[in-house]
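To keep things clear, I will list the structure first and then write my remarks on it.
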Amino acid sequence: MKSSRTKQLTEDELAVLIVFFATLMGLLLRLAFPLISSFPLNDGGLFYAMIRDLQANRYALPAFTSYNHAQIPFAYPPLGFYIAGLLSDLTHVDLLLILRLVPPLVSAAAIPVFYLLAKEFLPSKTSAALAALLYAFAQRIFGWQIMGGGITRAFGFLFALLTIYYAVRLFRSHTTRYLFWTSIWAALTILTHPEAIPQTALAVLILYLFLDRSRKGLLLSLASAALILLLVSPWWITIITRHGLDPFVAIWAAASSNSNSLLARPVALFQFMVTEEPFLPFIAFFGLLGAFRSLAQRKYLLPVWIVLPYILDPRSGPLYLLIPLLLLASQGLVEIVLPAFSRDKSDQLIVLLKSGAARAFLIFIVLYLLVAGYFSAARIYEGATLTGSQKEAMTWIGQNTPEDASFVLITGELPLRDPASDWFPALTERRSTATVFGYEWLHDGQFAQRIERYSTLQACADQTVECIQEWADKTTTQFDYIYIQTDLDFSPLNESLARSGDYTLVYQAQNVSLWKRLRTQ
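Each residue of the sequence shown is one higher than the last, beginning at 1 in the numbering used here.
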């Protein structure tokens, strides 16, 4: 006779169910807007050009990229480019489609990997599964990974998580097989994304200091470092042979010039806006609760892991400190928040969810974070992605202007968050005089000045043509065309150009106009 009682889920079953749900929802969230878009979200123009350079060179590393005709060293870690290029060539799928869909798929694949890592730190599988659920909805995690530039960022973060996971296993077991896995994933991280390299190394160092500190662990770490260096040697030897250390010095200097001062970093961290949640910052709040809970229990690993990445590297730190923050957020939710809704003062999620109030609150949090994540993705799609008219204008430019023509782009955007400035050189194969993408690899000490020059130029968007001329004179910039992108019904700059006898309108479409310079001034 069958029991009338409903079978109770075990902890393992509940954990599997939560991770499956987290992966499914995370996948749908990440794919929602890339699927309906006709173009990669936001950035990726530089990478698109470099992938095409790689394909044209039959997958031998070129010395320079053709991007913006600037002789930029082809020194960017190339694994993501190889993956995208080979996928396109082997499947005959358009490269732009690869850049649209592969990054969100890879980003979603990291959700169960994060669960494996969370199990190493949290007291139960269900707490780790809840951390994976929070990870799935964390906009700061997936926002930059679903863009076209996510072809390197998504792979880099996935490989970094795997490196950290196997490093934890190595330090706790001192097993040789974990040494090899740590080294392999670390090598893949290095070959994929430059910002992942110092953050992953810092995480591994913190883990060694808190989990191991033994002589054997140190020797294993040194052996792993030697193996990693060997695995990535074909790449770094090629770059150093061609360009010396200049590209690596340049990227370090560029990152430093685009960061807060050391004294300002604690103040910025104190604001605790690193999660970039569009509505109520629940994840940040739960993480703070978990951090203070951890400190009260004299468990310092995760709180230290939050602070050091940002203090040492405020550019990439806010992303990588989310790894410990999400672990602490799960602890804060399970050990502090949910028990307030339950009569069972337990720190086991499966026990807490017997309370209807606790279940209702958790469902509310999940729905809230899902909506917030969807809103964040929609904001990228609507406000930071090339429109159809912009793509058509760039296609026209590539077909109807001289190959050696130079362009001034007026978009009103930020220097490193300007999809038109990023994609223009790649789609038109023409030179954009103020574009800053890619120049971080040029060791000429001019990256900060290029950022300033770009910002000064964009300030001309609501002024007259004299503003552009003054900018060109001051920066000694020669140009042939002015590309203007504006959502305004009335553009002072367009009106000024129309009155000027020095320019003629050669192309106009929705929100885009192109003016040709008639004579050199």
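Virtual Cβ for every residue (Gly too), placed ideally from N, Cα, C.
Query                                                                                                              : Result
Residue(s) in a DSSP beta bridge with residue 408                                                                  : 482
Validate contact between the region 289 to 303 and the region 245 to 254 using beta carbons, cut 8 Å, 3 pairs      : no
Which residues DSSP lists as bridging residue 508, in chain order                                                  : 513
Residue 300, enclosing alpha helix (DSSP H) - first and last residue                                               : It is not in any alpha helix (DSSP H) - residue 300 carries neither H nor E in the DSSP assignment.
Assigned secondary structure, residue 521 (DSSP; H/G/I helix, E/B strand, else coil)                               : With a pLDDT of 48 at residue 521, under the threshold of 50, the predicted position of this residue should be treated as unreliable, and no value is reported.
Option in 261, 51, 377, 70 with minimal Cα separation from residue 84                                              : 51
Collapsed DSSP secondary structure at residue 417 in the structure displayed                                       : strand
Inside the region 208 to 260 only - alpha helix (DSSP H) runs reaching at least 4 residues                         : 215 to 231, 233 to 243, 246 to 257
Residue 432 - DSSP class collapsed to helix/strand/coil                                                            : strand
Member of 461, 221, 428, 207 whose CA lies at the smallest distance from the CA of residue 183                     : 221
Exposure of residue 504, with buried meaning 16 or more beta-carbon neighbours within 10 Å                         : exposed
Collapsed DSSP secondary structure at residue 59 in the structure displayed                                        : coil
Outcome for residue 387 when other beta-carbon atoms lying within 10 angstroms are tallied against a minimum of 16 : buried
Run of the alpha helix (DSSP H) containing residue 399, from where it starts to where it stops                     : 388 to 400
Member of 147, 125, 97 whose CA lies at the smallest distance from the CA of residue 13                            : 125
Between the CA atoms of residue 408 and residue 519 - distance to the nearest angstrom                             : 15 Å
Euclidean distance between Cα positions of residue 106 and residue 471                                             : 42 Å
Same chain, Cβ closer than 8 Å to residue 273, five either side skipped, listed in chain order                     : 281, 284
Beta-carbon proximity of residue 79 to residue 238, cut-off 8 Å                                                    : no
Those residues which DSSP pairs with residue 73 across a bridge                                                    : 64
Distance between beta carbons of residue 159 and residue 188, contact taken as under 8 Å                           : 4 Å
Bridge partners - residue 503, DSSP secondary structure assignment                                                 : 517
Cutoff 6 Å; reference residue 314; Cβ partners in own chain excluding five residues on either side                 : 259, 260, 265
Cβ shell of residue 475 (< 6 Å), same chain only, five flanking positions each side left out                       : 453
For residue 512 and residue 393, believed in contact at Cβ under 8 Å, the rounded distance                         : 4 Å
Reference residue 480; option with closest CA among 277, 401, 302                                                  : 401
Anticipated Cβ contact below 8 Å, residue 436 with residue 415, distance rounded                                   : 5 Å
Inside the region 442 to 497 only - beta strand (DSSP E) runs reaching at least 3 residues                         : 481 to 485
Beta-carbon spacing of residue 88, residue 98 below 8 Å                                                            : yes
Enclosing alpha helix (DSSP H) for residue 16 [first to last residue]                                              : 11 to 36
Supposed close pair residue 502, residue 45 - CB separation, criterion 8 Å                                         : Incorrect: roughly 30 Å between the Cβ atoms, too far for contact.
Candidates 355, 327, 305, 365: closest to residue 116 by CA position                                               : 327
From 432, 351, 331, 8, residue whose alpha carbon lies closest to that of residue 288                              : 331
Proximity of residue 361 and residue 341 at Cβ, strictly below 8 Å                                                 : yes
Sub-8 Å separation of residue 526 and residue 426 beta-carbons                                                     : In the structure displayed, the chain extends from 1 to 521; residue 526 sits before or after that span and is not available.
Burial state of residue 92 (16 or more Cβ within 10 Å)                                                             : exposed
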